[in-house]
Structures are given as C-alpha cells and as structure tokens.
Amino acid sequence: MSEKIEVLQKLVADLAVLNVKVHNLHWNVVGENFKPVHEQLEGVYDTLFEQYDEVAERIKMLGGFPLASLRSYLEKSSIEEMDSHDISIRQAFEIAKNDLSSLRETALHARKLADQEDDPITVALLEDHVTDLDKHIWLVSQALKNA
Ligand SMILES: [Fe+2]
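Sequential numbering from 422 applies to the sequence shown in the numbering used here.
Spelled out as structure tokens, the structure:
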C-alpha cells in the first residue's frame, strides 16, 4: 500500500473517531451559552461526517479499500475517545481545537504525499477539507480568547 493511501486511511479513522467525539461534546457541553455552542458543534460534526465519506470514496477511486469498521478506526486513529459526562464550554472548545488541529495536520500530510505523487484531485479535495477545518478552528479559537 502506498504511503499516501496509508495516511488517507488514518485520516478516515481520525474523521470517524472525531465525529463520535464531537457528538459527545455536542450532547454533554454545559453552561450559559449551551444552545449556540451545541449548534456550533453540530456544524463541526456535519463537516467531519462529509469529509469522512469523501476521503473513503477517494480511497476507492485510487483502487484501495477504506477502513470500514469501528475496531479498525480505534486501532489506527490517534484521536483519543472520551467518556460521557458534563463538560464546560471552555473544555469542549479546547478539546475541539486540539483534535481539529491534529486532524488538519494529517490532512496536510496526505495532501503533501498526493502532491508528490502528482495526484491533483486528492490535493484539491484535501485543500477544500483543510479550508473547512480552518473555519471551525478559527471559530473555537475566537471563543477561547474571549471566554
Ligand atoms: Fe444533535
């Protein structure tokens, strides 16, 4: 398996695990601004879920088999899961910022490998993904500054 596919597989796993984790934050965040934060986190997992499917389908177009089981996601992903409990808005944003930044790094790594292999379609897809991740990272970073 090429290194590019290898990193795309990790990206699928990270997107799957982080999708669940951001649902956890969306459900369990508590505080005065619950509703807008709850809704903001829904925007994050909608983005992750879309990217998850798009990266998996790109792996298929490249002739590979995307990881497709929860067990394999937990094995490959470096995103750490969390238990279900009350979580402050600040903590939720810190976790989201940290994990989205790590996901961004993995997407950029895959983009670099795709570029080296002269695969402009994967490059374009991942650049779009990083653009959307940057928007979410910016939103949580601004909130952390003022919190
Ligand atoms: Fe929801």
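The beta-carbon is built from N, C-alpha and C at its ideal position, and this holds for glycine as well. What you are looking at is a predicted structure, and each value in this text was computed from that prediction instead of being measured.
Check: residue i C-beta below 7 Å from any heavy atom of ligand 1
i, result
"residue 506", "no"
"residue 471", "no"
"residue 463", "yes"
"residue 447", "yes"
Reduced DSSP secondary structure (H/G/I, E/B, other) of residue i
i, result
"residue 493", "helix"
"residue 500", "coil"
"residue 541", "helix"
"residue 549", "helix"
"residue 562", "helix"
"residue 507", "coil"
"residue 488", "coil"
Distance, residue j Cα to residue i Cα
i, j, result
"residue 496", "residue 442", "16 Å"
"residue 589", "residue 564", "Residue numbering for the chain in the displayed model covers 422 to 568; residue 589 lies beyond these limits and cannot be assessed."
"residue 526", "residue 551", "9 Å"
"residue 447", "residue 505", "11 Å"
"residue 428", "residue 488", "11 Å"
"residue 477", "residue 566", "35 Å"
"residue 533", "residue 473", "19 Å"
"residue 540", "residue 515", "34 Å"
"residue 517", "residue 422", "31 Å"
When the options are compared against residue i, the one with the closest alpha-carbon
i, options, result
"residue 493", "472, 434 and 466", "434"
"residue 445", "454, 462 and 452", "462"
"residue 546", "487, 427 and 471", "471"
"residue 468", "524, 531 and 566", "524"
"residue 538", "457, 555, 483 and 557", "483"
"residue 542", "480, 555, 520 and 460", "480"
Extent of the continuous alpha helix (DSSP H) run through residue i
i, result
"residue 530", "510-537"
"residue 439", "424-449"
"residue 455", "455-482"
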